[in-house]
Amino acid sequence: MSKKITCILIANRGEIALRIIRACRDLGIKSIAIYSDEDVRAVHVKRADEAYHIGSAAPAQSYLNMTKIVETAKTAGADAIHPGYGFLSENENFSESCEKNGIIFIGPTSKAMELTGDKMKCKAVMKKAKVPTVPGSDGIVEDVEEAAGIAGEAGYPVLLKSAFGGGGRGIRLASDEKQLRQEFEMASAESRAAFGKAALFVEKYLERIRHIEFQLIRDSHGNSRHLFERECSIQRRHQKLIEMSPSPVVDQKTRERVGEIAVRAVDAVDYLNAGTAEFLRDPQGNFYFIEINSRLQVEHPVTELVTGLDLVKLQIGMAQGEEIPFKQQDLKMNGCAIECRINAEDPFYEFAPSTGIVPNCNIPYGPGIRVDTYLYPGCNVSGYYDSLVAKLLAWGSTFDEARIRMKNALHEFMIEGINTTIPLYKTIMDDPNFIHGELSTDYLERFKILDKMTDNAKESAKKSAKAAVAAVLLRSEFVRKTAAIQESSAGRSKWKMTRP
Amino acid sequence: MQFKIDDLPEILDGEVLRTAENNSVLVKIGGKQHVLRLLKSGTDEFEFMLDNSFHSAKILQSGTSEVRVMIDGQPLVVRKHSKLTEVLEKTSAMGGVGAGDRNLISQIPGRVVNISAKLGTALKKGDVIVVLESMKMQVAVKAHKDGNLKEIKVKQGASVARNDILAIIE
Numbered sequence: 086m087s088k089k090i091t092c093i094l095i096a097n098r099g100e101i102a103l104r105i106i107r108a109c110r111d112l113g114i115k116s117i118a119i120y121s122d123e124d125v126r127a128v129h130v131k132r133a134d135e136a137y138h139i140g141s142a143a144p145a146q147s148y149l150n151m152t153k154i155v156e157t158a159k160t161a162g163a164d165a166i167h168p169g170y171g172f173l174s175e176n177e178n179f180s181e182s183c184e185k186n187g188i189i190f191i192g193p194t195s196k197a198m199e200l201t202g203d204k205m206k207c208k209a210v211m212k213k214a215k216v217p218t219v220p221g222s223d224g225i226v227e228d229v230e231e232a233a234g235i236a237g238e239a240g241y242p243v244l245l246k247s248a249f250g251g252g253g254r255g256i257r258l259a260s261d262e263k264q265l266r267q268e269f270e271m272a273s274a275e276s277r278a279a280f281g282k283a284a285l286f287v288e289k290y291l292e293r294i295r296h297i298e299f300q301l302i303r304d305s306h307g308n309s310r311h312l313f314e315r316e317c318s319i320q321r322r323h324q325k326l327i328e329m330s331p332s333p334v335v336d337q338k339t340r341e342r343v344g345e346i347a348v349r350a351v352d353a354v355d356y357l358n359a360g361t362a363e364f365l366r367d368p369q370g371n372f373y374f375i376e377i378n379s380r381l382q383v384e385h386p387v388t389e390l391v392t393g394l395d396l397v398k399l400q401i402g403m404a405q406g407e408e409i410p411f412k413q414q415d416l417k418m419n420g421c422a423i424e425c426r427i428n429a430e431d432p433f434y435e436f437a438p439s440t441g442i443v444p445n446c447n448i449p450y451g452p453g454i455r456v457d458t459y460l461y462p463g464c465n466v467s468g469y470y471d472s473l474v475a476k477l478l479a480w481g482s483t484f485d486e487a488r489i490r491m492k493n494a495l496h497e498f499m500i501e502g503i504n505t506t507i508p509l510y511k512t513i514m515d516d517p518n519f520i521h522g523e524l525s526t527d528y529l530e531r532f533k534i535l536d537k538m539t540d541n542a543k544e545s546a547k548k549s550a551k552a553a554v555a556a557v558l559l560r561s562e563f564v565r566k567t568a569a570i571q572e573s574s575a576g577r578s579k580w581k582m583t584r585p
Numbered sequence: 006m007q008f009k010i011d012d013l014p015e016i017l018d019g020e021v022l023r024t025a026e027n028n029s030v031l032v033k034i035g036g037k038q039h040v041l042r043l044l045k046s047g048t049d050e051f052e053f054m055l056d057n058s059f060h061s062a063k064i065l066q067s068g069t070s071e072v073r074v075m076i077d078g079q080p081l082v083v084r085k086h087s088k089l090t091e092v093l094e095k096t097s098a099m100g101g102v103g104a105g106d107r108n109l110i111s112q113i114p115g116r117v118v119n120i121s122a123k124l125g126t127a128l129k130k131g132d133v134i135v136v137l138e139s140m141k142m143q144v145a146v147k148a149h150k151d152g153n154l155k156e157i158k159v160k161q162g163a164s165v166a167r168n169d170i171l172a173i174i175e
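From first to last, the protein sequence lines are chains L and E.
So the mapping is simple: my numbering equals the position in the first sequence, first residue as 1, plus 85.
So the mapping is simple: my numbering equals the position in the second sequence, first residue as 1, plus 5.
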């Protein structure tokens, strides 16, 4: 497999499709976009060299339609497919289908993916390779009775996880048996909706933990490198909200030690291309391996900003059989990067999805700012796909420089027409616990961040109250006047019409 | 007219006193008179000077009782407040049942993936009635009060908009 890639089909949409199109442009590779009915006006369709419509809005009919996508790749003359994240990115059947059709899948082999995708099998391999794993249950649970039994033994609280899941979908917390029974059904349904399969397993929930992951790359010659850590502890319902590098609790010695474990983990599954080893870190400083994400992560730009590397370019290089062009010791971590995931959700109303047209938006820029987004004035935020509308990144030579740049950029970021998580991030950037690196996966609840956000919103509403009332008065005055004009002209035309 | 901004406790009175020829409007807000200088005006977009500061306003949605407005990039909901709404709010807070109280309203747009409750059964507040899916999230819509499930207004697989009535609980 040492064929030069000349044309890539991007089996994805939104900001990640744009990200991959950019890498293609940089390398002089032709890019092919695909789109659903819902995305006819989407920006990835305009930016790609060619774009093909592949089906209706529902993901199953479009971005998850393997047969149609492979067919389109062949018709368009693509010699490789980049799956992005989500959708088919971790589907070993898709990877296999590409392999069978002579198309390079930019990611791991179907064999490695099958292993990393099956969390229980993967855990067994890791135990053999002496990679420390989370204490708790082994195996998929068949039904709610078995789940209750295992949870009772391991002790509550426990997590219900989809064995085929990823990105936090399908994970539920249960603090007692009653809740476990309730959540089991919801978790099964969510897992089935997202991945088509519902196998769940039970794991002991560790408290006050941090989520720290290592970016990894491995080429077809067996060379592996870790590209340092990302701290992803700020989450809501196991969905990452903020990611950053370096982690405030990882020093150089720890980085080398855990990085070496992470490399061992990808070697153990004979991994190929870019992937991420996720760890939980307890307050005592122990790291437990949880899983390998066999795809390009949403938060990959964080690593790009502190290493100066282009991960998508590296991915394409590895996919066409090249060796990784640097050694572990050549890598240096430079400064600090923070990412905020701007989601179309209402943080003031239980993060309810918010969809619709964005009539106008203002994207921040300036020193150290990077925004990966599909937003443009007039674009549509669809309810059919996930809620991530933009990734806002700030780089600084120190954490504080990055944090302040992020804070200012959040104030510049304006997205009309939908609710977003921006107010939440504004609050976090000013939170003393965040500033001091006091992070854990229960950060939001522990420091009552949502209450702080509501207080901040009240303060700014107070400042705008008078102007808002003035605007409403102007509006009713305008409507009254327009109505008066229309009435008089309507009266005239009526008179004309009734004239014989 | 009295106005109330969502999330703020105070009620502001407001009225237009006089409009002048030079694009100025004399208004009274919160008991004080202000001269508004209008710089731009359309059906939904206004730019004006108020007390020596520039404001840009966009009317996002205008109903009979509430207006959603974007002021200098910040979205606010301005409710036209009257004695009647105050009385209604008070009675419902005390447990009185107003006409709108029977309706279980969807707060989000989405697709109905499951109807969890059965018609005619007794419900407790917080019981799951339907499960909606939007943006790959499953959102359980729960009963807003105790009662009987009188009617389910949606079918499995149907799309619902924000503020649609999902069910009637009596």
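Glycine included, every Cβ here is placed at the ideal spot set by N, Cα and C.
Nearest candidate by alpha-carbon position, reference residue i, set the options
i: Asp223(L); options: Val216(L), Ile235(L), Ala214(L); result: Ile235(L)
i: Ala158(L); options: Ser116(L), Ala136(L), Leu94(L); result: Leu94(L)
i: Val226(L); options: Leu245(L), Tyr241(L), Gly240(L); result: Leu245(L)
i: Leu390(L); options: Leu478(L), Asp485(L), Leu200(L), Ser318(L); result: Leu478(L)
i: Gln66(E); options: Glu50(E), Lys129(E), Lys150(E), Arg42(E); result: Glu50(E)
i: Phe374(L); options: Glu430(L), Lys215(L), Val125(L); result: Lys215(L)
i: Ser330(L); options: Asp536(L), Ile401(L), Arg488(L); result: Arg488(L)
i: Phe190(L); options: Arg380(L), Gly140(L), Phe249(L), Ala347(L); result: Arg380(L)
i: Lys204(L); options: Ile377(L), Asp485(L), Ser545(L), Arg455(L); result: Ile377(L)
i: Ile401(L); options: Gly169(L), Ser195(L), Met198(L); result: Gly169(L)
i: Val136(E); options: Ile113(E), Ala127(E), Lys155(E); result: Ile113(E)
i: Val354(L); options: Lys325(L), Lys213(L), Val343(L), Lys88(L); result: Lys213(L)
i: Arg366(L); options: Arg321(L), Ile90(L), Lys206(L), Glu314(L); result: Glu314(L)
i: Arg84(E); options: Asp11(E), Met54(E), Leu31(E); result: Asp11(E)
i: Met403(L); options: His323(L), Ile139(L), Lys417(L), Arg303(L); result: Arg303(L)
Alpha-carbon to alpha-carbon, residue j and residue i
i: Leu509(L); j: Lys412(L); result: 39 Å
i: Ile294(L); j: Val219(L); result: 12 Å
i: Gly115(E); j: Phe436(L); result: 14 Å
i: Ser29(E); j: Ala96(L); result: 56 Å
i: Ala102(L); j: Ala136(L); result: 12 Å
i: Ile448(L); j: Met499(L); result: 7 Å
i: Lys537(L); j: Thr201(L); result: 39 Å
i: Ile427(L); j: Phe269(L); result: 29 Å
i: Ile513(L); j: Phe519(L); result: 7 Å
i: Asp352(L); j: Ser309(L); result: 7 Å
i: Val74(E); j: Glu298(L); result: 42 Å
i: Arg455(L); j: Pro386(L); result: 9 Å
i: Asn493(L); j: Asp336(L); result: 28 Å
i: Ala143(L); j: Val21(E); result: 50 Å
i: Lys543(L); j: Leu326(L); result: 23 Å
C-beta neighbour in chain E for residue i, strict 7 Å
i: Lys581(L); result: Model confidence at Lys581(L) stands at a pLDDT of 47, short of 50, so the residue's coordinates are unreliable and nothing is read from them.
i: Ser549(L); result: yes
i: Pro449(L); result: no
i: Glu275(L); result: yes
i: Ala569(L); result: no
For residue i: DSSP bridge partner residues
i: Met142(E); result: Ser139(E)
i: Leu244(L); result: Leu258(L), Glu288(L)
i: Asp228(L); result: Partner(s): none; Asp228(L) has no beta bridge.
i: His39(E); result: Val32(E)
i: Asp18(E); result: Gln7(E)
i: Tyr373(L); result: Leu365(L)
7 Å Cβ cutoff, residue i in contact with chain L
i: Ala62(E); result: yes
i: Met54(E); result: no
i: Lys147(E); result: no
i: Leu13(E); result: yes
i: Gln112(E); result: yes
i: Ser139(E); result: yes
i: Val165(E); result: no
i: Ile34(E); result: yes
i: Gly131(E); result: no
i: Phe59(E); result: no
Which runs of the beta strand (DSSP E) fall wholly inside the stretch 399-466 of chain L and span at least 3 residues, in chain order?
-> Complete beta strand (DSSP E) runs here, min 3: 421-428, 441-443, 454-458, 464-466.
3-residue-minimum beta strand (DSSP E) runs that sit fully inside the stretch 152-211 of chain L, ordered along the chain = For the stretch 152-211 of chain L, whole beta strand (DSSP E) runs of length 3 or above, ordered along the chain, are 165-167.
Could you give the uninterrupted runs of the alpha helix (DSSP H) lying entirely in the stretch 475-554 of chain L, keeping only those of 4 residues or more?
-> List check, alpha helix (DSSP H) in window: 484-497, 507-514, 517-520, 528-531.
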